[in-house]
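Taking it in order: structure first as C-alpha cells, then the write-up.
Protein chains: 2
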Amino acid sequence: MSRRSGILEFAVLGLLRESPMHGYELRKRLNTSLGVFRAFSYGTLYPCLKALVASGWLIEETDGAPEGVPAAALTGRRAKIVYRLTAAGKEHFEELLAHSGPDAWEDEHFGVRFAFFGQTSRDVRMRVLEGRRSRLEERLERMRTSLARSRERMDDYTLELQRHGMESVEREVRWLNELIESERAGRDQRPTGSAAQDKNQSGDTGGLPRHRGGSRPDPSDDTTT
Amino acid sequence: MSRRSGILEFAVLGLLRESPMHGYELRKRLNTSLGVFRAFSYGTLYPCLKALVASGWLIEETDGAPEGVPAAALTGRRAKIVYRLTAAGKEHFEELLAHSGPDAWEDEHFGVRFAFFGQTSRDVRMRVLEGRRSRLEERLERMRTSLARSRERMDDYTLELQRHGMESVEREVRWLNELIESERAGRDQRPTGSAAQDKNQSGDTGGLPRHRGGSRPDPSDDTTT
DNA sequence: TTCGTCATGTAATGGGTTACATGATTAC
DNA sequence: GTAATCATGTAACCCATTACATGACGAA
Numbered sequence: 001m002s003r004r005s006g007i008l009e010f011a012v013l014g015l016l017r018e019s020p021m022h023g024y025e026l027r028k029r030l031n032t033s034l035g036v037f038r039a040f041s042y043g044t045l046y047p048c049l050k051a052l053v054a055s056g057w058l059i060e061e062t063d064g065a066p067e068g069v070p071a072a073a074l075t076g077r078r079a080k081i082v083y084r085l086t087a088a089g090k091e092h093f094e095e096l097l098a099h100s101g102p103d104a105w106e107d108e109h110f111g112v113r114f115a116f117f118g119q120t121s122r123d124v125r126m127r128v129l130e131g132r133r134s135r136l137e138e139r140l141e142r143m144r145t146s147l148a149r150s151r152e153r154m155d156d157y158t159l160e161l162q163r164h165g166m167e168s169v170e171r172e173v174r175w176l177n178e179l180i181e182s183e184r185a186g187r188d189q190r191p192t193g194s195a196a197q198d199k200n201q202s203g204d205t206g207g208l209p210r211h212r213g214g215s216r217p218d219p220s221d222d223t224t225t
Numbered sequence: 001m002s003r004r005s006g007i008l009e010f011a012v013l014g015l016l017r018e019s020p021m022h023g024y025e026l027r028k029r030l031n032t033s034l035g036v037f038r039a040f041s042y043g044t045l046y047p048c049l050k051a052l053v054a055s056g057w058l059i060e061e062t063d064g065a066p067e068g069v070p071a072a073a074l075t076g077r078r079a080k081i082v083y084r085l086t087a088a089g090k091e092h093f094e095e096l097l098a099h100s101g102p103d104a105w106e107d108e109h110f111g112v113r114f115a116f117f118g119q120t121s122r123d124v125r126m127r128v129l130e131g132r133r134s135r136l137e138e139r140l141e142r143m144r145t146s147l148a149r150s151r152e153r154m155d156d157y158t159l160e161l162q163r164h165g166m167e168s169v170e171r172e173v174r175w176l177n178e179l180i181e182s183e184r185a186g187r188d189q190r191p192t193g194s195a196a197q198d199k200n201q202s203g204d205t206g207g208l209p210r211h212r213g214g215s216r217p218d219p220s221d222d223t224t225t
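Chains G and B supply the protein sequences, listed in that same order. Note that the first sequence covers residues 1 to 225 in the UniProt record's numbering. Note that the second sequence covers residues 1 to 225 in the UniProt record's numbering.
What follows is the structure, given as C-alpha cells:
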C-alpha cells in the first residue's frame with residue numbers, strides 16, 4: 001500500500017485546488033501544464049490518488065452523484081471517479097508549498113514548484129528562488145574546480161561538454177536573477193518580460209509578451225502524443 | 001543475475017578502452033568526466049561490471065597479479081580487481097558507438113555519447129548530432145502547438161516556465177548547429193570555440209580557449225563531494 | 001459497427017539510490 | 001594508533017515506465 005511520490009502528490013493537490021477532476025484529465029493537465037519538465041503515467045498516478053484519499057487529502061465522488069456517495073455504490077458499471085480536494089488537503093498543499101523539503105528535493109522538483117507559484121506569497125517565492133540560485137551557484141563552483149583539476153586529462157569533446165554544461169547552469173542562474181529582481185521590484189504575481197530578450201517588447205510594465213509566433217489556440221484535446 | 005544498464009555499460013567500456021581500472025576508480029572517472037549530466041553509484045556499477053565480465057567483454061585481474069589469475073585466487077584477503085577490456089569488448093563498444101539505439105535512448109543519453117565522440121568517425125558524429133537536433137526540433141514543435149492551445153488557461157508563472165523551457169531547447173539546437181557546422185568545416189576531432197561566445201577568443205583556428213578563469217590544476221583526489 | 005477517446009486499473013520490469021557491512025592501506 | 005580514503009559488495013527501497021486488461025460512450 002501507499003505509493004507516495006512526493007512531487008506527483010504535490011502537483012495533484014495543486015491541480016485539484018483549482019477544480020475537481022477525473023484521474024484521466026488530471027494526467028493530461030499534468031503533462032501539458034507542467035509537462036515540459038515532467039511527465040507521469042497512469043501506473044504512477046492512480047496508485048498515488050488512492051494513497052492521497054487514504055490520507056484524507058482527497059475524496060472520491062462518483063461522476064455526477066451527490067457528494068458523499070462512495071465510488072463503489074455504482075454497482076454493475078465501471079466507476080468514474082472525480083477527485084476533490086478536502087479542507088485538510090488544501091491545508092497540506094499550502095504547507096508543502098511554503099515549507100518545502102530538503103535541498104535535493106527542492107532542486108529536482110523546482111520546475112513543478114515554480115508552476116504553482118501563483119498560489120503562494122511573494123515571501124515564499126523569494127525563498128524558493130534564492131534557495132535554488134545558491135544551490136546552482138555551489139554546483140557551478142564544484143564544476144569549475146573539478147574542471148580545473150582534470151582539464152589536462154580530457155579530450156576536446158569531453159571538454160566542450162563540460163563547458164556547455166556549465167554555460168547552461170550559468171544561464172539558469174541568470175534567469176533566476178531576473179525572476180528575483182522582478183519579484184523584488186514588486187510587480188507582484190508576474191514574472192516580467194525582462195526574462196525574454198525578445199524583439200517583441202512593447203510596454204513591458206508587467207506582463208509577458210503574448211502570442212509570440214503562435215497561431216490562435218483551438219479548444220481540442222490535449223494529448224501531447 | 002544480470003543488471004544491465006545500457007548507458008552505464010557503454011560508458012564503462014569506453015573508459016576501459018583507455019586503460020584498465022578498479023571499479024572504484026571507474027566510478028570516480030564516471031562522475032567527473034561525464035558527471036555533469038550523469039552520476040552512478042556502486043550499487044549500479046559493481047553488478048554491471050560482473051555482468052560485463054559474464055558477457056566476455058571484460059576480464060578481471062587481481063591487482064598486480066599476472067594475467068589470467070582469477071580474482072578468487074587471493075584467498076584470505078579481500079579481492080582487488082582490475083577490469084580490462086577484451087578484444088570482444090572493444091568490438092562491442094565500437095558497435096554501440098556507431099549503431100546506437102532507439103530514439104528515446106539516444107535522446108536520453110546524448111551527453112554520455114558525446115563524451116566519447118573522440119573515439120569514433122566524423123560520419124558517426126554527424127549522424128548522432130543531426131539525429132539529436134531533429135528530435136529536439138520535433139519536441140520544440142510539439143511544445144509550440146501545445147502552448148498555443150492552452151495559453152489562455154495558464155497563469156503567468158506557468159507560462160514563464162514554458163517560455164523558459166522552450167528557450168532552453170532552442171539554445172540546445174543552436175549549440176548543435178554550431179557543432180555540426182564545425183564538424184562539416186572539417187576541423188576534425190575538435191569542436192571549435194565558435195560554440196563559446198567568449199571574450200577570450202584569440203587564434204580560434206581549431207581548439208578551445210584553455211584555462212579560462214581556473215586556477216592551476218593540482219593532482220589530488222577527484223571526489224566531487 | 002467500428003473506431004477513437006474517455007476512463008480505471010494492475011503486473012512485470014527497469015534502472016536507479018541509500019545505507020550498510022567489511023576490510024586494506026596510507027598519511028600524519 | 002587513528003583518521004581518511006581506497007576498495008568491494010549487498011539488501012532494501014524508490015520511483016517510474018510499458019504493456020496489458022477491461023469496459024463505456026459518441027460519432028462516422
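A virtual CB, placed ideally from N, CA and C, is assigned to each residue, including glycine.
- Query: For a contact meaning CB atoms closer than 7 Å, what does TYR157 (chain G) contact in chain B?
  - Reply: What TYR157 (chain G) touches in chain B: PHE114, ALA115, PHE117, GLY118 and PRO191.
- Would you verify that the beta carbon of GLY43 (chain G) is, or is not, closer than 8 Å to some beta carbon of chain B? Chain B, which has no Cβ nearer than 8 Å to the Cβ of GLY43 (chain G), makes this no.
- Message: Between TRP105 (chain G) and chain B, is any beta-carbon pair separated by less than 8 Å?
- Response: So, not an interface residue.
- Message: Check for me: the beta strand (DSSP E) holding LEU85 (chain B) runs from which residue to which?
- Response: Where LEU85 (chain B) is concerned, the enclosing beta strand (DSSP E) stretches over 81-85.
- Query: If SER33 (chain G) sits next to THR158 (chain B), beta carbons under 8 Å apart, how far is it from one beta carbon to the other, in whole angstroms?
  - Reply: Right, the Cβ-Cβ distance comes to about 6 Å (below 8 Å), so this counts as a contact.
- Query: Run through DSSP, which three-state label would LEU8 (chain G) get?
  - Reply: Three-state result, LEU8 (chain G): helix.
- Could you tell me the boundaries of the beta strand (DSSP E) in which THR62 (chain G) lies? Taken as a continuous stretch (DSSP letters only), the beta strand (DSSP E) holding THR62 (chain G) covers 58-62.
- Message: Please confirm whether THR62 (chain G) has its beta-carbon closer than 8 Å to some beta-carbon of chain B.
- Response: It does not; no Cβ of chain B falls within 8 Å.
- Task: Please state if the CB of GLY23 (chain B) and the CB of TYR46 (chain B) are separated by a distance shorter than 8 Å.
- Result: Cβ atoms of TYR46 (chain B) and GLY23 (chain B): closer than 8 Å.
- Inspect the beta-carbon positions of VAL124 (chain G) and LEU97 (chain G) and report whether they are closer than 8 Å. Contact flag set, yes.
- Item | Beta-carbon contacts of ASP107 (chain B) that lie in its chain and below 6 Å, excluding the five residues immediately before and after | The beta carbon of ASP107 (chain B) sits closer than 6 Å to those of ARG135, all from its chain and outside the five residues before and after it, given in chain order.
- Query: Under 7 Å Cβ-Cβ, which residues of chain B neighbour MET126 (chain G)?
  - Reply: Correct list: empty, because the minimum Cβ distance to chain B is about 14 Å.
- Within the chosen definition, does the segment 115-134 of chain B reach the segment 146-163 of chain B through at least 3 CB pairs nearer than 8 Å? No: the two stretches stay apart, fewer than three of their Cβ pairs being nearer than 8 Å.
- Message: Is LEU15 (chain G) close to chain B? Criterion is C-beta to C-beta, closer than 8 Å.
- Response: Chain B contact via Cβ: absent.
- Message: When you compare the CB of MET21 (chain G) with every CB in chain B, is at least one pair closer than 8 Å?
- Response: Cβ-Cβ to chain B under 8 Å: no for MET21 (chain G).
- chain B within 8 Å of TRP57 (chain G), Cβ atoms only: So no, TRP57 (chain G) is outside the interface.
- Item | Min CB distance SER5 (chain G) to chain B below 8 Å | Nearest CB-CB separation between SER5 (chain G) and chain B: not below the 8 Å threshold.
- Cβ of SER134 (chain B) within 8 Å of any chain G Cβ: No, no contact with chain G.
- For HIS164 (chain G) and TRP175 (chain B), the rounded distance between their alpha carbons: It is roughly 8 Å from the alpha-carbon of TRP175 (chain B) to the alpha-carbon of HIS164 (chain G).
- Rounded C-alpha distance that separates ARG17 (chain B) from ASN31 (chain G): A straight-line Cα-Cα distance of about 41 Å links ARG17 (chain B) and ASN31 (chain G).
- N-terminal and C-terminal residue of the alpha helix (DSSP H) that PHE114 (chain B) is part of: 110-115 is the span of the alpha helix (DSSP H), which, as asked, contains PHE114 (chain B).
- Task: Could you tell me how far apart the beta carbons of ALA11 (chain B) and VAL112 (chain B) are, in whole angstroms, since I believe they sit closer than 8 Å?
- Result: Confirmed, about 5 Å.
- Query: In this structure, does DSSP put MET21 (chain B) in helix, strand or coil?
  - Reply: It is a strand residue.
- Using CA coordinates, which residue listed in G:CYS48, G:LEU147 and G:HIS92 is at the minimum distance from LEU161 (chain G)? Looking from the CA of LEU161 (chain G), the closest CA among G:CYS48, G:LEU147 and G:HIS92 belongs to G:LEU147.
- Query: Should GLU9 (chain G) and LEU58 (chain G) be called a contact, given that it needs their Cβ atoms to be closer than 8 Å?
  - Reply: For GLU9 (chain G) and LEU58 (chain G), no; Cβs fall outside 8 Å.
- When we look at the beta-carbon of SER41 (chain G) and count the other beta-carbons within 10 Å, is it buried (16 or more) or exposed? By the neighbour-count rule (16 or more Cβ atoms within 10 Å), SER41 (chain G) is not buried but exposed.
- Span separating the alpha-carbon of HIS99 (chain G) from that of GLU183 (chain G): Looking at the backbone, the Cα of HIS99 (chain G) and that of GLU183 (chain G) are separated by about 19 Å.
- For GLY111 (chain B) and chain G, any beta-carbon pair shorter than 8 Å? It does; some Cβ of chain G falls within 8 Å.
- Query: Does the Cβ-Cβ distance between ILE7 (chain G) and HIS92 (chain G) come in under 8 Å?
  - Reply: In this structure, HIS92 (chain G) does not lie closer than 8 Å to ILE7 (chain G) by Cβ.
- Own chain, CB closer than 8 Å to residue 264 (chain G), minus 5 neighbours either side, in chain order: In this structure chain G extends from 1 to 225, so residue 264 (chain G) is not present and cannot be described.
- Message: Our contact map puts LYS80 (chain B) next to ASP103 (chain B) with C-beta atoms below 8 Å; I'd like the distance itself, whole angstroms only.
- Response: No, LYS80 (chain B) and ASP103 (chain B) are not in contact; Cβ-Cβ is about 41 Å, not under 8 Å.
- Does any residue of chain B bring its CB to less than 8 Å from the CB of SER33 (chain G)? Chain B contact via Cβ: present.
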